[in-house]
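These notes are about the structure you will find just below.
Number of protein chains: 4
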Amino acid sequence: MARPSSWQLLRDSYPYYVEVPPRYADLDPMGHINNVAIASMFETGRVSFHHQLQAHPRELGVRWLVAAVSINYLEEMHAPHPVTIASGLRRIGNTSWTILSAAFQEGECCSTCETVMVAKGAPDSGPIGEELRARMAPFFVKVPEGAEA
Amino acid sequence: MARPSSWQLLRDSYPYYVEVPPRYADLDPMGHINNVAIASMFETGRVSFHHQLQAHPRELGVRWLVAAVSINYLEEMHAPHPVTIASGLRRIGNTSWTILSAAFQEGECCSTCETVMVAKGAPDSGPIGEELRARMAPFFVKVPEGAEA
Amino acid sequence: MARPSSWQLLRDSYPYYVEVPPRYADLDPMGHINNVAIASMFETGRVSFHHQLQAHPRELGVRWLVAAVSINYLEEMHAPHPVTIASGLRRIGNTSWTILSAAFQEGECCSTCETVMVAKGAPDSGPIGEELRARMAPFFVKVPEGAEA
Amino acid sequence: MARPSSWQLLRDSYPYYVEVPPRYADLDPMGHINNVAIASMFETGRVSFHHQLQAHPRELGVRWLVAAVSINYLEEMHAPHPVTIASGLRRIGNTSWTILSAAFQEGECCSTCETVMVAKGAPDSGPIGEELRARMAPFFVKVPEGAEA
């Protein structure tokens, strides 16, 4: 698993974010926010990101499935500080797209996440139609010139 | 994110497993077992794997943290069929180790997981002492000769 | 909130049970199984109880909703001992029914639960049709004569 | 299980509240916020209520345990509207106290909760010392004269 690039740690690299306050159920016996709870926060940020595209898969006649998730845990996170989940698109392929996300607490990037989504049940226009591509276009992450992903 | 190797999809490649029956809370609005719920099942399998090593981090004077998790979702999973989480070690470094896991339902591999664990708070013998290495030694995954990880 | 009756603490008072192994995510910073995690185990036992009635609400044209849940936590529960969730019916009304459940660990009753379910969207036969009542009939809890609920 | 009194449905009856935005993991196959997820939201509201008393049980040399929880589900709740969890004290006894809570979505009370907490491991001053009682005193629910609890 590759370490995140330095630009992935910057809040301004992402076009969209939500605030996710920790819950007591996020804490585990180590007293910190559990790694799976952080995965759940990333999911909530991702669903909200999709939601604001105003393109619901059911209305498009397709299903969107999570094909892969890769998370780096950089710093421990603790309650009760709110968590900011920032997200943006990295790549759109023929049937899948990749979302990069980062979790911040008190301004510090504590975790990064890469998610591959796949659309199943292709309508005539292909699994990712032109309208969805147009809606997605403004929401890419900002990658510095010359940077690798 | 790399696709899993074919041997990673085989139950017999792993030296340890636990059964995890699905719960109603694992299901999401798509009616299947949610991807984060699967991450939680992998966590339970991993903690059980560590537990059977009979080497508790607190007794060793260290903390074990999850540094990275990467999951591939290959097939959708559904209740109420029990999930088998199989796990084994792939690599032991100086301060970290990697666990490979796979989730099976009705004999089919539905998901694979790679976890990097890191030990913090090094005692004199180093973060991963000789005793722990000895306990870990019998629990590596079986990688076919010539196969890449 | 009334304390449970003594017969509610006995495994044999209930006609149905499932085994629910704890997960790491059930543990909270106090190191024990969290009270909401126990509520989730009761839910899993309840859904399994309903499932074995072979009467799915969707097929009956109704929705089954949880109207009320009341849980007594009698003893702390710990991993990794499996939890037995025993369940049975206490009462069937016109549009609702009550399920009593109990959670056992190593033979000891650690928690009891009372759930009121309500059926919405009545078909011609009423929300709880004769067929469902017939299927439910064998699955009442065994209340000793003279005992109060 | 008693139905909540009418004053329990009013936001102004409670001295303290927190906002809890729904997460995707709160949703179940029925598409609404799951009843156990609502229990988890009440827990988060309760822990926050305790936290603002600035009386941490560990510092007081005691453990606070949840002895009983009783929840009425009055209206279905849906994402993504934020949930307001309002809480206040109803009773302080010798070793236990009762918290009443209510969950609001878009101004409507959708669920009420009654929790009995118990303090274990009594110091010399008794399980609930004078200082804690003094801190709790301003945070009772407002019960109309003549109303029953």
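Protein chains in written order, with my numbering: chain A, 5 to 153; chain B, 5 to 153; chain C, 5 to 153; chain D, 5 to 153.
In this text, a Cβ means the ideal position worked out from N, Cα and C, and glycines have one as well.
Being a predicted model, the structure only gives us computed values, none of them experimental.
Note that the C-beta distance between Ala107 (chain C) and Met34 (chain C) is not below 8 Å.
If you draw a straight line from the Cα of Ala151 (chain C) to the Cα of Ala6 (chain C), it is about 14 Å long. Within the stretch 42-76 of chain B, the residues whose Cβ lies closer than 9 Å to some Cβ of chain C are Ser44, Met45, Glu47, Thr48, Arg50, Val51, Ser52 and His55, listed in chain order. One thing to note: Ser100 (chain B) has its Cβ no nearer than 8 Å to the Cβ of Ile75 (chain B). Measuring C-alpha to C-alpha distances from Ser91 (chain D) to each of D:Pro142, D:Asn38, D:Arg27 and D:Pro25 identifies D:Pro142 as the nearest. Note on geometry: alpha-carbon atoms of Arg139 (chain B) and Gln58 (chain B) lie some 8 Å from one another. Counting along the chain, the unbroken alpha helix (DSSP H) around Ile42 (chain C) starts and ends at Asn39 to Gln56.
Here the C-alpha atom of Ile89 (chain C) lies approximately 42 Å from the C-alpha atom of Gly97 (chain B).
By the Cβ-count criterion, Pro148 (chain C) is exposed, with fewer than 16 other Cβ atoms from all chains shown falling within 10 Å of its own Cβ. Secondary structure within the stretch 82-137 of chain B: the beta strand (DSSP E) runs of 3 or more consecutive residues, fully enclosed, are 87-96, 100-109 and 112-124 (chain order). Closer than 8 Å to the CB of Val147 (chain A) there is not a single CB belonging to chain B.
Per the coordinates, the alpha-carbon of Pro131 (chain C) lies some 30 Å from the alpha-carbon of Ala29 (chain D). Closest in alpha carbon position to Arg27 (chain C), among B:Ala43, B:Pro8 and B:Gln12, is B:Ala43. Within the stretch 103-128 of chain A, no residue has its Cβ closer than 8 Å to any Cβ of chain D. His36 (chain C) and Gly125 (chain A) have their alpha carbons spaced roughly 44 Å apart. By the CB criterion at 8 Å, Thr48 (chain B) and Val70 (chain B) fall outside the cutoff. Within chain B, not a single residue places a beta-carbon under 8 Å from that of Pro33 (chain C); the smallest gap is close to 14 Å.
DSSP lists A:Ser74 and B:Glu118 as the bridge partner or partners of Ser74 (chain B). Close partners of Tyr28 (chain D) in chain A (Cβ separation under 7 Å): Glu47, Thr48 and Val51.
DSSP lists B:Ser91 as the bridge partner or partners of Tyr20 (chain B). Here Arg7 (chain A) carries a coil assignment [DSSP, helix/strand/coil].
For a Cβ distance threshold of 8 Å, residue set Val40, Ala43, Ser44 and Glu47 of chain A lies close to Val40 (chain B), ordered along the chain. Interface criterion met: the Cβ of Val24 (chain D) is under 8 Å from a Cβ in chain A.
Between Cys113 (chain D) and Ser105 (chain D) a beta carbon distance of about 11 Å is seen, past the 8 Å cut, so the two are scored as non-contacting.
Beyond the five residues adjoining it in sequence on each side, Val73 (chain B) comes within less than 6 Å, by CB distance, of Thr119 in the same chain, given in chain order. Boundaries for Glu79 (chain D): no alpha helix (DSSP H) harbours it, and the DSSP string shows neither H nor E there. Contact between His85 (chain B) and Gln109 (chain B) holds, since their C-beta atoms are separated by about 5 Å, short of 8 Å. Distance check between Arg15 (chain A) and each of A:Gly111, A:Arg50 and A:Ala123 places A:Gly111 closest, using alpha-carbon atoms only. In the DSSP assignment, Glu63 (chain B) falls within the alpha helix (DSSP H) that extends over Pro61 to Leu64. Comparing alpha-carbon positions, the option among A:Arg137, A:Lys146, A:Val145 and A:Ala123 lying closest to Arg62 (chain A) turns out to be A:Ala123. Between Asn38 (chain D) and the set C:Thr102, C:Asn38, C:Val51 and C:Asp32, the nearest pair of CA atoms involves C:Val51. Under the three-state reduction of DSSP, Leu14 (chain C) is assigned to coil, being neither helix nor strand.
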